[in-house]
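Asks: Using the working numbering, read the sequence shown as starting at 1 and increasing by one per residue. We put the CB at the ideal spot given by N, CA and C, even for glycine.
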Amino acid sequence: MNGSADGGLEEFRAPLQTREIQRELLTKRLGKKFHYLSEIDSTNAYARERAQGGAAEGEIVIAEEQTHGKGRAGRGWISPPYLNLYLSVILRPHLSPANASQITLMSAVALAETVQSFISYPPEIKWPNDIIIGGKKLAGILTESSCESDKTLFVVLGIGVNLNFPLELMPESLQKIATSIMILTQKPVDRMLFARRLIQDLDRCYVDLEERGFSLMAKRWESFFGLRGKRVRVEMLQEPIFGKALGIDGAGALIVEDDEGTMRKIIAGDVIPVGPEAQ
Ligand code: BTN
């Protein structure tokens, strides 16, 4: 990094060329239509509006900057301009609302596989959807669904990946818990190549999920699950649960054997490693 105000990243801040991404895109279902925005409040909010208006499955929204990027559990997602990837996809899966969370787990597999092809560090998935490397968060997934009785009308799948985010531009609170591809590899990544690869991996995993069901996907997910067999605390709306994380069930719920020996199925919550085994 040189000493300029933004850490000397001007040359890596080339805008994403969505036409270029689309031109060589090898997909069956995703990316037939792109929306490229230089600034938006949230790509998920934009995609949701389009989905509610009847947009087709596979439409992709990419923004260079989000002014109100949304994270899980009402948190925000810090989204500075031209450094990272902020992307949302409209999906119309043939899944019941009870199984719609399989989309989150499928996309975590796709994202972990994409990350794996760009760096030599092994990515881990922290249930249900964080991509962690060396104990720090690299990427997050926020899925928002719209359902009607027993039908999933659409899912907006939102993904944020820290690509060329330098440590010095991260707020102090983030520096301890987050990382980026550039921090890990010491060199900037081509955001366009990353975006194209991610969309292709998402497409492949989505088609696999729809055509072959969740059990194979669950095995792939578990191969990235860093907390298997580890002691965890699960933060939920109710009292936290302490126990051992075992894996996921057929619907994508996390199975935890609590300290009383009872198997608990966790559908929503935050899983935190605790005790001597915590990283
Ligand atoms: C998390 O809390 O880990 C989920 C973060 C998801 C962030 C992405 S960035 C693109 C999309 N648009 C949003 O507003 N959020 C998601």
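Can you tell me whether Gln200 is buried or exposed? The criterion is at least 16 other CB atoms within 10 Å of its CB, across all chains shown.
Replies: Its Cβ being crowded by 16 or more others within 10 Å, Gln200 is buried.
Asks: Quick check: the Cα distance between Gly140 and Ser101, rounded to an integer number of angstroms?
Replies: Each residue's alpha carbon lies about 15 Å from the other.
Asks: Taking 8 Å as the cut-off, is the CB of Tyr86 close to at least one heavy atom of the ligand BTN?
Replies: Under cutoff, so the answer is yes.
Asks: What would DSSP say about Tyr206, mapped onto helix, strand or coil?
Replies: DSSP places Tyr206 in helix when its eight states are reduced to three.
Asks: Of all the options Ile125, Leu111, Ile181, which has the alpha carbon lying nearest to the alpha carbon of Arg197?
Replies: Of the candidates Ile125, Leu111, Ile181, the one whose C-alpha sits nearest the C-alpha of Arg197 is Leu111.
Asks: Please classify Asp201: does DSSP put it in a helix, a strand, or coil?
Replies: In the structure shown, Asp201 sits in a helix (DSSP, three-state: H, G or I).
Asks: Is the closest heavy atom of the ligand BTN to the C-beta of Thr43 under 8 Å?
Replies: Answer for Thr43: yes, Cβ within range of the ligand BTN.
Asks: Taking the beta carbon of Lys265 as the centre, do at least 16 other beta carbons fall within 10 Å, making it buried, or is it exposed?
Replies: When all chains shown are included, Lys265 counts as exposed.
Asks: Just list the alpha helix (DSSP H) runs in the region 112-179, keeping only unbroken ones of 4 residues or longer that don't cross its boundaries, in chain order.
Replies: 172-175, all fully within the region 112-179.
Asks: By the three-class DSSP mapping on this structure, what secondary structure does Ala110 have?
Replies: Three-state result, Ala110: helix.
Asks: If contacts are defined as beta-carbon pairs under 8 Å, then Val115 and Leu138 qualify, I think. What distance do you get, rounded to the angstrom?
Replies: Correct: roughly 7 Å between the Cβ atoms.
Asks: Can you tell me which of the three DSSP states Ile183 falls into?
Replies: Looking at Ile183 - three-state DSSP - the assignment turns out to be helix.
Asks: Which residue wins for smallest C-alpha separation from Arg233, given the options Tyr36, Lys126, Leu95?
Replies: Arg233 has its Cα closest to that of Lys126, out of Tyr36, Lys126, Leu95.
Asks: In chain order, what residues of the same chain lie with their CB nearer than 7 Å to the CB of Glu20, ignoring the 5 residues before and after it?
Replies: Counting only Cβ-Cβ distances below 7 Å, and skipping sequence neighbours, we find Met192.
Asks: Quick one: is Ile177 buried, meaning 16 or more other Cβ sit within 10 Å of its Cβ, or exposed?
Replies: The residue in question, Ile177, is exposed, as its Cβ has fewer than 16 Cβ neighbours within 10 Å.
Asks: Note down the Cα distance separating Leu30 from Ile159, rounded to an integer number of angstroms.
Replies: Distance between the alpha carbons of Leu30 and Ile159: 14 Å.
Asks: Could you work out which residue in Glu24, Asn162, Gly58 is closest to Ile183 when comparing CA atoms only?
Replies: Per the Cα distances, Asn162.
Asks: Going straight from the alpha carbon of Met106 to that of Leu216, what length do you get?
Replies: Distance between the alpha carbons of Met106 and Leu216: 10 Å.
Asks: To which residues of the same chain is Gly243 closer than 6 Å at the C-beta, ignoring the five residues directly before and after it?
Replies: Val256, Glu257, Asp258, Asp259, listed in sequence order.
Asks: Around the Cβ of Met170, are there at least 16 other Cβ atoms within 10 angstroms (buried) or fewer (exposed)?
Replies: Buried, by the Cβ-count rule.
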